[in-house]
Amino acid sequence: MSVKPTVFFTRSAPPNGVALLAQECELQIWESEDPIPREELLRRVKGIHALFVHPPIRVDSELFDAAGPQLKVVGTMSVGLDHVDLAECKKRNIPVGNTPGVLTSAVAELTVTLLLATARRMKQAFQAVHNGSWGTWESGMWMTGTLLEGKTLGVVGLGRIGMAATRRLKPFGFSKILYCGRSKKSYDAEVGAEFVDFLQLLKESDIVIATCSITDENKGLFNKRAFKAMKNTSIFINVTRGALVNQDDLFEALTTGEIGSAGIDVTTPEPLATDDKLLSLSNLTVSPHIGSATVESRSAMCEVTARNILAGLKGEPLPSPVLI
Amino acid sequence: MAFKLKGKPKVYVTRLVPQPGIDILEKECELTFWKSDEAIPQEELLKNVRGVDGLFCMLTDQINKEVIEAAGPQLQVVATMSVGFEHIDVAECDKRNIVVANTPNVSTDSVAELTVALLLLTSRRLLEGVTAVKNGEWGAWKPMWLLGTEMTQRTVGILGLGRIGYGVARRLRPFGVRKILYHDVVSVSYASDVGAEFVTFEELIKESDFICICCNLTAQTRHKFNKDTFKKMKKSAILVNSGRGGVVHHDDLYEALVNGDIAAAGLDVTEPEPLPASHPLISLSNCIVLPHMGSNTWESRNSMSSTAAKNILAVFHKEKPMGEVHAK
Numbered sequence: 026m027s028v029k030p031t032v033f034f035t036r037s038a039p040p041n042g043v044a045l046l047a048q049e050c051e052l053q054i055w056e057s058e059d060p061i062p063r064e065e066l067l068r069r070v071k072g073i074h075a076l077f078v079h080p081p082i083r084v085d086s087e088l089f090d091a092a093g094p095q096l097k098v099v100g101t102m103s104v105g106l107d108h109v110d111l112a113e114c115k116k117r118n119i120p121v122g123n124t125p126g127v128l129t130s131a132v133a134e135l136t137v138t139l140l141l142a143t144a145r146r147m148k149q150a151f152q153a154v155h156n157g158s159w160g161t162w163e164s165g166m167w168m169t170g171t172l173l174e175g176k177t178l179g180v181v182g183l184g185r186i187g188m189a190a191t192r193r194l195k196p197f198g199f200s201k202i203l204y205c206g207r208s209k210k211s212y213d214a215e216v217g218a219e220f221v222d223f224l225q226l227l228k229e230s231d232i233v234i235a236t237c238s239i240t241d242e243n244k245g246l247f248n249k250r251a252f253k254a255m256k257n258t259s260i261f262i263n264v265t266r267g268a269l270v271n272q273d274d275l276f277e278a279l280t281t282g283e284i285g286s287a288g289i290d291v292t293t294p295e296p297l298a299t300d301d302k303l304l305s306l307s308n309l310t311v312s313p314h315i316g317s318a319t320v321e322s323r324s325a326m327c328e329v330t331a332r333n334i335l336a337g338l339k340g341e342p343l344p345s346p347v348l349i
Numbered sequence: 038m039a040f041k042l043k044g045k046p047k048v049y050v051t052r053l054v055p056q057p058g059i060d061i062l063e064k065e066c067e068l069t070f071w072k073s074d075e076a077i078p079q080e081e082l083l084k085n086v087r088g089v090d091g092l093f094c095m096l097t098d099q100i101n102k103e104v105i106e107a108a109g110p111q112l113q114v115v116a117t118m119s120v121g122f123e124h125i126d127v128a129e130c131d132k133r134n135i136v137v138a139n140t141p142n143v144s145t146d147s148v149a150e151l152t153v154a155l156l157l158l159t160s161r162r163l164l165e166g167v168t169a170v171k172n173g174e175w176g177a178w179k180p181m182w183l184l185g186t187e188m189t190q191r192t193v194g195i196l197g198l199g200r201i202g203y204g205v206a207r208r209l210r211p212f213g214v215r216k217i218l219y220h221d222v223v224s225v226s227y228a229s230d231v232g233a234e235f236v237t238f239e240e241l242i243k244e245s246d247f248i249c250i251c252c253n254l255t256a257q258t259r260h261k262f263n264k265d266t267f268k269k270m271k272k273s274a275i276l277v278n279s280g281r282g283g284v285v286h287h288d289d290l291y292e293a294l295v296n297g298d299i300a301a302a303g304l305d306v307t308e309p310e311p312l313p314a315s316h317p318l319i320s321l322s323n324c325i326v327l328p329h330m331g332s333n334t335w336e337s338r339n340s341m342s343s344t345a346a347k348n349i350l351a352v353f354h355k356e357k358p359m360g361e362v363h364a365k
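Heads up: the sequence lines are chains A and B, in that order.
All letters in the first sequence, in the order written, are residues 26 to 349 by our numbering.
All letters in the second sequence, in the order written, are residues 38 to 365 by our numbering.
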């Protein structure tokens, strides 16, 4: 092409990926900290050849119609695809690339971080330091939390992220590691994890971590029934998607002592409103979807997305395609 | 010292403590308590120790010569519900043949878990995130908001590879760290179990991306982390202290964090404790201060309580307690 193809970025992105695309493309970037208004987006995508998109910007027929038939590829800087109408992409023969794999260790790390923070009541402890309620070294019993050593760990979803998290958790000395999912995994022996059904996992685990992918079938998996099956002392961690959990039921479970405490990195919606009742709970820790929030991970995600786009523009197979 | 001919030995407990210790002592001893969650004022302590055979104390109590005198010559044992014993005049106890006992080992796992937790909390900025949620600063997903540092391919440095340092190293291995370095008074053979490499203090501070202080407070370690140390560390370095507050010069740390000589710090121990909420370190977003929670698990506290109790009974039975300390 004598004219460089145009790539529209729905947000500013890490420099490495931007530089990669700048070599061969004309870049248009929405630089503002605030999300791009829908009408503005539809105006700006007119005539573009590639879309570098970030969730939760909706990629759908409205956007494709606004862009025009010359749009050749969509690269989303995410693993999640809830914001992309894949059926529509397939209809229009537009390949989509995403970024699984490069954020696995970041999310696994955050899962462990959130578990430890929840088990040891870090949020409350931190607040006590800040509001001056930290007194002379606690009595035997102030701000006591839970030791991981010797407990039973239950992993809901032993995929990439679940496995990476479990590897990191193994030396903490759990007496048993259980997991559940659609099928037994051939690699479970590496972490000594035992395949059981969901209900058994809930009943036996002291710690339940949800690291599965979200599907139409598992929305609301963690509901009243699930929390009832769990131990009253249990700790629940969710890094999957907010939709995996019925938040009203979670609230009930935490206030009535059906489960002990929880830590979630994902909610419905995101962000959670500051007056959401969940935020009033001292035994719930909510982090703002920072699972993949590391410099390394975001740079890698950006680079993969840039490469997906370059391949798509040339009509080549994407290095990290979404199978649709 | 012999028991009284009649009656159970008297034990004074300077705080409300977890039940397991109480259950153990109640069988054989006459127990009196300072019935509070707060530390006992010194005057009360001096009053209440008179005539006791055993003292069950906390690390917030000053068991000095005055207290030992006030107790009387029948005092046989001072058992602290802690590993540290800087608060006890051990030399004075040695002189009078009073056994000083502590509770080593039983909180090792708790402290190791807490140290790793603090490291991850600091590197992944979790509490900043939690605060942002509370304050309504969490907006639509942004690719470069609240980015933390991954452990993958980083170098971890541990000062003090004792039980706790070793436990920390062991837990950090599967995080994909490139190297685990350690510095201690001497190199130790079990370091190879966790692939930890002995280096000089200079090398430790120069090469590490994450440094965990897991050592005791001694004359040699006091203020080891000071202005000069911070200048030699990487600007991206993260410092974690779960050893003792006095190993770090707090004012120098504040300067280093503000000037960007190091990236962030996580402290479970400070000088003093508690650190007042108005302390400058607490105002920094890149410094996490926790209220000395190393051994704050039910499991550990219950064990510490029963161990201190068993230590007391051991001395009464003329047996060796589990943790005995003497002045050098």
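Every residue, glycine too, gets a C-beta built ideally from N, C-alpha and C.
- The beta carbon of GLU103/B lies closer than 8 angstroms to those of LEU83 in the same chain, with the five residues before and after it left out.
- Cβ atoms of THR293/A and GLN272/A come within 8 angstroms of each other, at about 6 angstroms.
- Taking SER208/A as reference, the option from ALA214/A, LEU183/A, ALA91/A and LEU275/A with the minimal CA-CA separation is LEU183/A.
- Within the same chain, SER342 come within 6 angstroms of VAL54/B by CB-CB distance, once the 5 residues on both sides are set aside.
- The Cβ atoms of LYS71/A and GLU49/A do not sit closer than 8 angstroms to each other.
- At the C-beta level, VAL32/A and ILE82/A stay beyond 8 angstroms of one another.
- Looking from the CA of ALA364/B, the closest CA among GLU123/B, GLN56/B, ILE59/B and GLN79/B belongs to GLU123/B.
- The residue among LEU297/A, PRO39/A and LEU309/A with its C-alpha nearest the C-alpha of PHE276/A is LEU309/A.
- PHE212/B carries a helical assignment under DSSP once its states are collapsed to helix, strand and coil.
- About 6 angstroms separates the beta carbons of VAL132/A and VAL264/A, which is inside the 8 angstroms limit, making them a contact pair.
- A contact between stretches requires three or more CB pairs, one per stretch, nearer than 8 angstroms, and the segment 122-142 of chain B fails this requirement with the segment 114-127 of chain A.
- At a cut-off of 8 angstroms between beta-carbon atoms, PHE151/A makes contact with chain B.
- Annotation: Cβ neighbours of GLY160/A in chain B (cutoff 7 angstroms, chain order): GLU75 and PRO311.
- Between LEU139/A and ILE262/A, the C-beta gap is smaller than 8 angstroms, which places the two residues in contact.
- The beta carbons of GLY170/A and THR152/B sit about 14 angstroms from each other, so the pair does not count as a contact at 8 angstroms.
- For PHE33/A, no Cβ of chain B is located within less than 8 angstroms of the residue's own Cβ.
- The straight-line gap separating the alpha-carbon atoms of THR255/B and ALA153/A is approximately 29 angstroms.
- A distance below 8 angstroms separates the beta carbons of THR307/B and GLY282/B.
- At least one C-beta of chain B is nearer than 8 angstroms to the C-beta of THR169/A.
- Burial check for GLU65/A: the Cβ neighbour count within 10 Å stays below 16, so the residue is exposed.
- For LEU246/A, no chain B residue has a Cβ inside 8 angstroms of its Cβ, as the nearest lies near 23 angstroms away.
- Counting C-beta pairs closer than 8 angstroms gives fewer than three between the segment 161-172 of chain B and the segment 218-226 of chain B, which falls short of the contact rule.
- Per DSSP, VAL137/B is one residue of the beta strand (DSSP E) stretching across 136-138.
- Among the CB atoms of chain B, none fall inside 8 angstroms of the CB of GLY184/A.
- In the three-state DSSP reduction, ALA256/B falls in the coil class, being neither helix nor strand.
- Annotation: ASP265/B to SER259/A spans about 46 angstroms, alpha carbon to alpha carbon.
- At a cut-off of 8 angstroms between beta-carbon atoms, ALA38/A makes contact with chain B.
- For ILE315/A, the closest alpha carbon among the candidates GLU244/B, ALA300/B, LEU183/B and HIS260/B is that of LEU183/B.
- When rounded, the separation of the alpha-carbon atoms in GLU56/A and PRO180/B is 12 angstroms.
- As DSSP reads the structure, GLN53/A sits in a beta bridge with PHE33/A.
- Within the segment 297-321 of chain A, LEU297, THR299, LEU304, THR310, VAL311, SER312, PRO313, HIS314, ILE315, ALA318, THR319, VAL320 and GLU321 place their CB atoms closer than 7 angstroms to a CB of chain B, listed in sequence order.
- In the structure shown, ILE250/B adopts extended strand secondary structure according to DSSP, grouped into three states.
- DSSP places ASN263/A in the uninterrupted beta strand (DSSP E) bounded by 260-263.
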